[in-house]
Amino acid sequence: GYQRRVREAVVSTQSTGAYSATILSFLGGVRWGLTLAPGSGQQPDWRNLCYSVTPSLLAWSGLLVQAPLGYLPVTGGLLLAGTLDLIWAGYPIWFKVLRLILTAGALSSIGVLLWVKQAQESDVGVSRQIREYRTKWRNWRDGAEQ
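In the working numbering, the protein residues as written are 392 to 537.
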């Protein structure tokens, strides 16, 4: 019935979020490997090493926030990592083309998932979750002022 559909929707949303976060974390590892590889043209400086760990931190923060809001840091991280991988030096052209295609696919799949979940207007919709967080915050704020 209804509870089963909601449970399945929550599991699919959380599973997709976890998978997306795993991919994002892996992308930081790709840069780390490029930076530390012997003979690499990339120096292990703050820019490259900070970029290498940032995707993992964004992925982790996305997992800490309940889906579907957890997709915000993950989606932003995928977009940021894809953009930086395309404009920064070090990767061969075939890799940049592959990154463009895979990033577009990952972002599209997350967008479609969120659109479908929102269209269902179930208990896992983004708008409903935002309203719940806003209500909790207002209740906390009003309680703190008393």
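Each residue gets a CB set at the ideal place from its N, CA and C atoms; glycine is no exception.
Boundaries of the alpha helix (DSSP H) in which residue i is found, first to last residue
i: Pro483; result: Careful: Pro483 lies outside any alpha helix (DSSP H) and carries neither H nor E.
i: Ala458; result: From DSSP, Ala458 is part of no alpha helix (DSSP H); its letter is neither H nor E.
Cβ pair residue i, residue j closer than 8 Å
i: Ala450; j: Ala412; result: yes
i: Leu508; j: Thr426; result: For the sequence presented, residue 508 should be read as Lys rather than Leu. Not in contact: Lys508 and Thr426 (Cβ atoms no closer than 8 Å).
i: Leu491; j: Thr466; result: no
i: Thr445; j: Gly408; result: no
i: Tyr442; j: Ile501; result: no
i: Thr494; j: Gly481; result: no
i: Pro464; j: Ser447; result: no
With 16 other Cβ atoms within 10 Å as the buried cut-off, status of residue i
i: Tyr524; result: exposed
i: Ser406; result: exposed
i: Arg544; result: For residue 544 there is no data in the structure shown, the boundaries of the chain being 392 and 537.
i: Gly430; result: exposed
i: Asp436; result: exposed
i: Gly468; result: buried
i: Asp476; result: buried
i: Leu455; result: exposed
i: Leu489; result: exposed
i: Leu470; result: exposed
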